[in-house]
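S.K.: Sequential numbering of the sequence shown, starting at 1, is according to full-length UniProt numbering.
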Amino acid sequence: MFLSVVIPTYNRLPILQKCLQALENQQVRPEPIVGYEVIVVDDGSTDRTVAWLQQVNLPHVRWFEQNHQGPAVARNLGVEQAKGDIIVFIDSDLVVTERFLQSHAEALVRGQQQFGHDRLFTYGSVINTCNFEHPTTEPYKLTDFSAAYFATGNVAIARHWLEAAGLFDPRFQLYGWEDLELGVRLKQLGLKLIKCPEAVGYHWHPPFSLEQLPQLIDKEIQRGRMGVLFYQKHPTWNVRMMIQMTWIHRLLWGGLSLGGWLNERTMAPLLQWLIDRGKPQLALEIARIFLNWYNVQGVYAAYAELKAAK
Numbered sequence: 001m002f003l004s005v006v007i008p009t010y011n012r013l014p015i016l017q018k019c020l021q022a023l024e025n026q027q028v029r030p031e032p033i034v035g036y037e038v039i040v041v042d043d044g045s046t047d048r049t050v051a052w053l054q055q056v057n058l059p060h061v062r063w064f065e066q067n068h069q070g071p072a073v074a075r076n077l078g079v080e081q082a083k084g085d086i087i088v089f090i091d092s093d094l095v096v097t098e099r100f101l102q103s104h105a106e107a108l109v110r111g112q113q114q115f116g117h118d119r120l121f122t123y124g125s126v127i128n129t130c131n132f133e134h135p136t137t138e139p140y141k142l143t144d145f146s147a148a149y150f151a152t153g154n155v156a157i158a159r160h161w162l163e164a165a166g167l168f169d170p171r172f173q174l175y176g177w178e179d180l181e182l183g184v185r186l187k188q189l190g191l192k193l194i195k196c197p198e199a200v201g202y203h204w205h206p207p208f209s210l211e212q213l214p215q216l217i218d219k220e221i222q223r224g225r226m227g228v229l230f231y232q233k234h235p236t237w238n239v240r241m242m243i244q245m246t247w248i249h250r251l252l253w254g255g256l257s258l259g260g261w262l263n264e265r266t267m268a269p270l271l272q273w274l275i276d277r278g279k280p281q282l283a284l285e286i287a288r289i290f291l292n293w294y295n296v297q298g299v300y301a302a303y304a305e306l307k308a309a310k
């Protein structure tokens, strides 16, 4: 099999450099991998990503540019330009181990032998870390667990199944849900998820600080709007649960945030106190109380706009 690793990127040059170097250092064997390439799609970055790609010598990397249209459009372009029969999706802030591609390939072959067909895909492990210098030293944590069916942070799938499902919906141009929505269509085609914990990727993000809150709040509001698009396409209770558009989520996050009284302003002293004591991850987990409330409000506001427009 020939693997094409498709990576959309937007203003992530420092960690993208680590991401691509890790992919150059892959240890692969001719069985079952006959070769691999890395397709980077720059989604209109303004941080000199393209200038760096023009100058650097990375033998496995090919890159393409587009105006800023979001990761769904970027991934579609990457798939269209890819040469491989197997597509591996990762994000540009993921640093992988040396056996990453080999692990995905071996798991795909085992799955095909076990089930007698290739109606499946592999899903690797993602470990969150804020250690920029040595991201792969981070241990696995309970908060790293994911129950997602199809998430493009670390997944490998036969190209023809992506094409059969119709690739990513380009209308998902804001933050969130474009990969899980494609996952619904793949599940309708009967594809089976094969867990591949040996294919480890370390998802880097900077340590939490109060300066990040406006951007995090905006992401939650965007995620709410894209959640409504997700629900438009698949109007099921399961999708409502996923996008937090239920009375359960209104009650849960509305109650925990005291109807929004606990927010980025009222909780700032506590969050900063935790950050100052070297506990930025705990501060972020507490901040998720009001971040989730922003998401719930965003999804209901977007849904109300949709109904008013009909």
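Where is the CB? At the ideal position from N, CA and C, for every residue including glycine.
Going by C-alpha to C-alpha distance, which of 231, 228, 150 and 208 sits closest to residue 192?
M.R.: As a first step, residue 192 must be located in the sequence shown, where it is residue number 192. Residue 150 is the option with its Cα nearest to residue 192.
S.K.: So for residue 198, helix, strand or coil by DSSP?
M.R.: Taking the first residue of the sequence shown as position 1, residue 198 is located at position 198. Note: residue 198 maps to strand in three-state DSSP.
S.K.: Please state the DSSP three-state secondary structure of residue 263.
M.R.: Position 263 of the sequence shown, counted from the first residue, corresponds to residue 263. Of the three classes helix, strand and coil, the one that applies to residue 263 here is coil, per DSSP.
S.K.: Would you check if the stretch 29-37 and the stretch 124-138 touch, i.e. whether three or more CB-CB distances between them fall below 8 Å?
M.R.: Output reads no: the stretch 29-37 does not touch the stretch 124-138.
S.K.: Can you tell which of 125, 163 and 234 has the C-alpha that lies nearest to the C-alpha of residue 152?
M.R.: Start at 1 with the first residue of the sequence shown, and residue 152 comes out as number 152. Selected option, being the one with the closest Cα: 125.
S.K.: Would you call the CB atoms of residue 159 and residue 84 closer than 8 Å?
M.R.: For the purposes of this step, residue 159 is identified with residue 159 of the sequence shown, where counting begins at 1. For the purposes of this step, residue 84 is identified with residue 84 of the sequence shown, where counting begins at 1. Contact flag set, yes.
S.K.: Using only the alpha-carbon positions, how far apart do residue 39 and residue 282 sit?
M.R.: In the sequence shown, the residue the question calls residue 39 occupies position 39. In the sequence shown, the residue the question calls residue 282 occupies position 282. Going from the Cα of residue 39 to the Cα of residue 282 covers about 35 Å.
S.K.: Suppose the cutoff is 8 Å on Cβ atoms and the five residues either side in sequence are ignored; what does the same chain contact list for residue 13 look like?
M.R.: Counted from its first residue, the sequence shown places residue 13 at position 13. Only 45, 47, 48, 49 and 52 meet the Cβ criterion.
S.K.: Since residue 4 sits in a beta bridge, which residues does DSSP pair it with?
M.R.: Position 4 of the sequence shown, counted from the first residue, corresponds to residue 4. DSSP, once it has assigned bridges, lists 37 and 87 as partnering residue 4.
S.K.: Looking at the unbroken alpha helix (DSSP H) that takes in residue 80, where does it start and where does it end?
M.R.: Here residue 80 corresponds to residue number 80 of the sequence shown, with the count starting at 1. Unbroken alpha helix (DSSP H) run through residue 80: 71-81.
S.K.: Taking the straight line between their C-alpha atoms, what separation do you get for residue 142 and residue 69?
M.R.: Taking the sequence shown and counting its residues from 1, one reaches residue 142 at position 142. Taking the sequence shown and counting its residues from 1, one reaches residue 69 at position 69. Each residue's Cα considered, the two are about 33 Å apart.
S.K.: Work out the CA separation of residue 127 and residue 269 for me, nearest whole Å.
M.R.: Residue numbering aside, residue 269 sits at position 269 when the sequence shown is read from its first letter. Residue numbering aside, residue 127 sits at position 127 when the sequence shown is read from its first letter. Roughly 29 Å between the two C-alpha positions.
S.K.: Skipping 5 residues on each side, what residues in its chain have a beta carbon closer than 7 Å to that of residue 219?
M.R.: Position 219 of the sequence shown, counted from the start, is the residue given in the question as residue 219. Once the five neighbours on either side are set aside, the close Cβ partners of residue 219 are 175.
S.K.: Among 186, 298, 287 and 230, whose alpha-carbon lies nearest the alpha-carbon of residue 211?
M.R.: Position 211 of the sequence shown holds residue 211. Residue 211 has its Cα closest to that of 287, out of 186, 298, 287 and 230.
S.K.: Exposed or buried, what is residue 6 when buried is set at 16 or more other beta-carbons lying within 10 Å of its beta-carbon?
M.R.: Taking the first residue of the sequence shown as position 1, residue 6 is located at position 6. So residue 6 counts as buried.
S.K.: Output needed for residue 1: all residues of its chain with C-beta closer than 7 Å, excluding positions within five of it in sequence on either side, in chain order.
M.R.: For this step, residue 1 is matched to residue 1 along the sequence shown. These residues qualify, in order along the chain: 32, 33, 34, 85, 86 and 105.
S.K.: Looking only at its own chain, which residues have a Cβ that is under 8 Å from the Cβ of residue 173, when we skip the five neighbours before and after it?
M.R.: Looking up residue 173 in the sequence shown gives position 173. Hits under 8 Å: 69, 70, 72 and 73.
S.K.: With a CB to CB cut of under 8 Å and the five nearest residues on each side skipped, what residues in its chain are close to residue 62?
M.R.: Start at 1 with the first residue of the sequence shown, and residue 62 comes out as number 62. So the list reads 37, 38, 39, 40 and 81, once near-sequence residues are dropped.
S.K.: Smallest Cα separation from residue 190: which of 117, 170 and 296?
M.R.: For the purposes of this step, residue 190 is taken as the residue at position 190 of the sequence shown. Taking only the C-alpha atoms, the option nearest residue 190 is 117.
S.K.: Among the residues of its own chain, which have a CB less than 6 Å from the CB of residue 135, if the five just before and after it don't count?
M.R.: Your numbering for residue 135 matches position 135 in the sequence shown. Same-chain partners within the cutoff: 95, 129, 202 and 204.
S.K.: From 9, 162 and 154, pick the residue whose C-alpha is nearest to that of residue 196; which is it?
M.R.: For the purposes of this step, residue 196 is taken as residue 196 along the sequence shown, with counting starting at 1. The option with the nearest alpha carbon to residue 196 is 154.
S.K.: DSSP state of residue 10, grouped into three classes?
M.R.: For the purposes of this step, residue 10 is identified with residue 10 of the sequence shown, where counting begins at 1. The answer is coil: DSSP assigns residue 10 none of H, G, I, E or B.
S.K.: Less than 8 Å between the C-beta atoms of residue 79 and residue 182, yes or no?
M.R.: Your numbering for residue 79 matches position 79 in the sequence shown. Your numbering for residue 182 matches position 182 in the sequence shown. Result no, Cβ atoms of residue 79 and residue 182 do not sit closer than 8 Å.
S.K.: Specify the secondary structure class of residue 290 as computed by DSSP and reduced to three states.
M.R.: Within the sequence shown, residue 290 is the residue found at index 290, counting from 1. Residue 290: helix per DSSP, three-state reduction.
S.K.: Is DSSP giving residue 177 helix, strand or coil here?
M.R.: Against the sequence shown, residue 177 aligns to sequence position 177. Residue 177 falls in the coil class under three-state DSSP.
S.K.: If contact is defined by three or more beta carbon pairs under 8 Å, each pair taking one atom from either stretch, is the stretch 227-246 in contact with the stretch 107-123?
M.R.: Short answer: they don't touch.
S.K.: Checking 8 Å against the spacing of the C-beta atoms, do residue 228 and residue 299 come in under that value?
M.R.: By 1-based counting over the sequence shown, the position of residue 228 is 228. By 1-based counting over the sequence shown, the position of residue 299 is 299. Contact flag set, yes.
S.K.: Can you have a look at residue 259 and say buried or exposed, based on whether 16 or more other CB atoms are within 10 angstroms of its CB?
M.R.: Numbered from 1 along the sequence shown, position 259 holds the residue referred to as residue 259. The residue in question, residue 259, is exposed, as its Cβ has fewer than 16 Cβ neighbours within 10 Å.
S.K.: Provide the residue span of the alpha helix (DSSP H) that contains residue 312, from first to last.
M.R.: Lying outside 1 to 310, the shown extent of the chain, residue 312 is not represented and no answer is given.
S.K.: Grab me the residues of residue 292's own chain with a C-beta within less than 6 Å of its C-beta, minus the 5 sequence neighbours each way, in chain order.
M.R.: For the purposes of this step, residue 292 is taken as the residue at position 292 of the sequence shown. These residues qualify, in order along the chain: 253.
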